[in-house]
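Enquirer:
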Amino acid sequence: MEAKSCLFCRAPLRRTFVDLGMHPLCESYVSEDNLNQMEPFYPLHVFVCEQCFLVQLQEYVSPADIFTEYAYFSSYADSWVQHAKRYTDMIVERLKLTAESFVVELASNDGYLLQHFVAKGIPVLGIEPAANVAKVAVEKQVPTLVKFFGVQTARDLVADGKRADLVLGNNVLAQVPDINDFVGGIKLLLAPQGVVTIEFPHLMKLMEESQFDTIYHEHFFYFSLMSAERIFAAHGLTLFDVEELPTHGGSLRIYGHHAEDKIHSVTERYRELAQREKSAGVERLDTYATFAENVKETKRKLLEFLIEAKRKGKTIAGYGAPGKGNTLLNYCGVRGDFIDYTVDRNTYKQGKYLPGTHIPILPPEKIRETKPDYVLILPWNFKDEIMDQVGYIREWGGQFVVPIPEVRVYS
Ligand SMILES: [Zn+2]
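Residue numbers for the sequence shown follow my numbering, beginning at 3 and rising by one.
1. In whole angstroms, give me the CA-to-CA distance for D263 and G196.
2. Which residues bound the beta strand (DSSP E) around F242?
3. Quick check on the contact list: which residues have their beta carbon closer than 6 Å to a heavy atom of ligand 1?
4. Alpha carbon to alpha carbon, how far is V345 from Y321?
5. Could you give the distance in angstroms between the alpha-carbon of L308 and the alpha-carbon of L190?
6. Can you tell which of N38, C11 and D21 has the C-alpha that lies nearest to the C-alpha of C54?
7. Would you say the region 215-223 touches the region 161-179, given that touching needs at least three Cβ pairs under 8 Å?
8. Would A319 be called buried (16 or more neighbouring beta carbons within 10 Å of its own) or exposed?
9. Comparing alpha-carbon positions, which option in A193, F184 and E270 lies nearest I200?
10. Suppose you measure from the CA of R137 to the CA of A282; what does that come to, to the nearest Å?
11. Going straight from the alpha carbon of P357 to that of L37, what length do you get?
12. With G18 as the anchor, note down where its alpha helix (DSSP H) starts and where it stops.
13. Are the CB atoms of P407 and S212 nearer to each other than 8 Å?
14. Could you tell me if H360 is buried or exposed, where buried requires 16 or more neighbouring beta carbons within 10 angstroms of its beta carbon?
15. Looking only at DSSP bridge pairs, what is H259 linked to?
16. Do F242 and H259 come within 8 Å of each other at the CB atom, strictly closer than that value?
17. Could you pull the start and end residues of the alpha helix (DSSP H) that L304 belongs to?
18. In the DSSP output, which residue or residues are listed as bridge partners for R410?
19. Return the chain-ordered list of same chain residues with a C-beta closer than 7 Å to the C-beta of R16, the five sequence neighbours on each side being excluded.
20. For T90, which option in G128, A121 and K164 has the closest C-alpha, if you only look at C-alpha atoms?
21. What separation, rounded to the nearest whole angstrom, lies between the Cα atoms of Q39 and L46?
22. State yes or no: is the C-beta of G238 within less than 8 Å of the C-beta of P203?
23. Can you give me the C-alpha to C-alpha distance between S413 and N296, rounded to a whole angstrom?
24. For F340, which residues from the same chain have a beta carbon less than 7 Å from its beta carbon, with the 5 sequence-adjacent residues on both sides left out?
25. Please work out which residues of its chain come closer than 7 Å, Cβ to Cβ, to P194, disregarding the five sequence neighbours upstream and downstream, and give them in chain order.
26. What did DSSP end up calling M3 once you bin it into helix, strand or coil?
27. Hey, out of Q143, D158 and T372, whose CA is closest to F150's CA?
28. Is the separation between the beta-carbon of K354 and that of S33 shorter than 8 Å?
29. Going by alpha carbons, who is nearest to L1 out of S81, Y343, S267 and L116?
30. Mark L275 as exposed unless 16 or more other C-beta atoms lie within 10 angstroms of its C-beta, in which case mark it buried.
31. With distances taken from CA atoms, which of E102, T146 and P26 is nearest S110?
32. CB-CB under 6 Å to V403, same chain, minus the five flanking residues each way: which ones, in chain order?
33. Where do the N-terminal and C-terminal ends of the beta strand (DSSP E) with V392 fall, by residue?
34. Please name the residue in W398, T216, G163 and I129 whose C-alpha comes closest to that of K326.
35. Can you tell me where the alpha helix (DSSP H) holding Y333 begins and where it ends?
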């Protein structure tokens, strides 16, 4: 086997951040017909680069195998669509975007975000490699190019006379193993006075709250502000602002522009977070050493809860079939022995089974029918929304369980 090296700086990768063992691809839902087939499992072994402190997974599975038919439709989460709407209103105002502007979203999914720009009469282009979700976007009048984004795609667009006043990408930066090609593409595509905004889950939150279930094969990178700054700088892009967002358990939205024409000044909140990260030790290796042990303790606590509940004869259903749920359940070894079924609003997932654990995915109505004692919320980042939607379980004394950062029960 080839020596492992950092996907950004190429330094040898030797230092383990956490090793979660072998896992199936977390979005490879299993159909009834395939239940008796073997399933490929790949390592979920995360490293931290000793040179640039970028936390990363090795590329075990190529993005072409993951993203060309994707089960994740952003529009199924109401609060995410609202988040997109708020972002659109804010950025249109801040950058004074008009019908003369051009906005490009990288990994535009089903048009959940760009539809809000379209409604304001601002020209957009979505770039989305999964043909099945891109098709839904096009039906919503969101022009979408079915492609992976990188230097080549950017060159093609620029050759067509297209450069973007705003390039945005939400939860995509972590999903492209060739990060230098991806950020290099942004550099090319961005108009001289243009701004790029990128959102990603914040590594500091992941570590503070033991959010190990956000680690899966689709996520090659786990960024701090400092590691993102270093990568953008290497491609001639300077970060000048950052927002801390509650999405996905704690995300950052970074703002960047061309290093050669710094039209925006660096904000106070940017300096403050950079300082906070330095004080927290994101540029020191020993900071990364305790995470793995915290993860094991999180697993022991969840199992303790589930074992005790089953010994008391309680029934447990899951809510949601998100990627993170699959990392959690596979790592903890939680299958039909603890959880009878899970439910999801996404009709694409209903009737299928969770990868690895083979827990059936049913429509949400199943909960009312079977009246479980506990509902384990797998997409804990949407817990408030879900506890509203399924609040009726209180009619029979049902309770909600949230597994991360530690087991919490809500009546
Ligand atoms: Zn590195």
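Ideal placement from N, C-alpha and C gives every residue a C-beta, glycine not left out. These numbers come from a predicted model, not from an experiment.
Expert: Reading off the structure:
1. Their backbone Cα atoms lie some 10 Å apart in a straight line.
2. Membership of F242 in the beta strand (DSSP E) is indicated by the continuous run L239 to L247.
3. Near ligand 1, meaning a beta-carbon closer than 6 Å to one of its heavy atoms, we find C8, F10, C11, A13, C51, Q53, C54 and L56.
4. Between the alpha carbons of V345 and Y321 lies a distance of about 5 Å.
5. Their backbone Cα atoms lie some 51 Å apart in a straight line.
6. Selected option, being the one with the closest Cα: C11.
7. Taking 8 Å as the limit for Cβ pairs, the verdict is that the region 161-179 does touch the region 215-223.
8. Buried: at least 16 other Cβ atoms inside 10 Å.
9. When A193, F184 and E270 are compared, the shortest CA-CA separation from I200 is found for F184.
10. Checking the displayed sequence, the identity of residue 137 turns out to be Lys instead of Arg. Spanning the two alpha carbons is a distance of roughly 44 Å.
11. The straight-line gap separating the alpha-carbon atoms of P357 and L37 is approximately 10 Å.
12. Reading the sequence as shown, one finds Thr at residue 18 and not Gly. Counting along the chain, T18 falls outside any alpha helix (DSSP H), though it belongs to the beta strand (DSSP E) covering R17 to H25.
13. Yes, the pair counts as a contact, with Cβ atoms nearer than the cut-off.
14. It counts as exposed.
15. T240.
16. Result yes, Cβ atoms of H259 and F242 sit closer than 8 Å.
17. Per DSSP, L304 is one residue of the alpha helix (DSSP H) stretching across F293 to R313.
18. R410 is bridged to V404.
19. If you ignore the 5 residues before and after R16, its C-beta comes within less than 7 Å of the C-beta of E52, all in its own chain and listed in chain order.
20. Taking the Cα of T90 as reference, the smallest distance to any Cα among G128, A121 and K164 is reached at A121.
21. The alpha-carbon atoms of Q39 and L46 are separated by roughly 22 Å.
22. In this structure, P203 does not lie closer than 8 Å to G238 by Cβ.
23. Their backbone Cα atoms lie some 27 Å apart in a straight line.
24. Closer than 7 Å at Cβ, skipping near neighbours: L308, K312 and I318.
25. Answer for P194: H260 and D263, listed in chain order.
26. Note that M3 has pLDDT 49, beneath the 50 cutoff, so the model's placement of it is unreliable and the number below is only indicative. DSSP places M3 in coil when its eight states are reduced to three.
27. The option with the nearest alpha carbon to F150 is D158.
28. Contact: yes.
29. Absent from the model: residue 1. The displayed extent of the chain is 3 to 413, so no value can be given.
30. Its Cβ being crowded by 16 or more others within 10 Å, L275 is buried.
31. Checked all of E102, T146 and P26; the closest Cα to S110 is T146.
32. Excluding positions up to five away in sequence, the list reads Y376, L378 and V411.
33. No beta strand (DSSP E) contains V392, which DSSP labels as neither H nor E.
34. Nearest C-alpha to K326: T216.
35. Counting along the chain, the alpha helix (DSSP H) containing Y333 begins and ends at G325 to C334.
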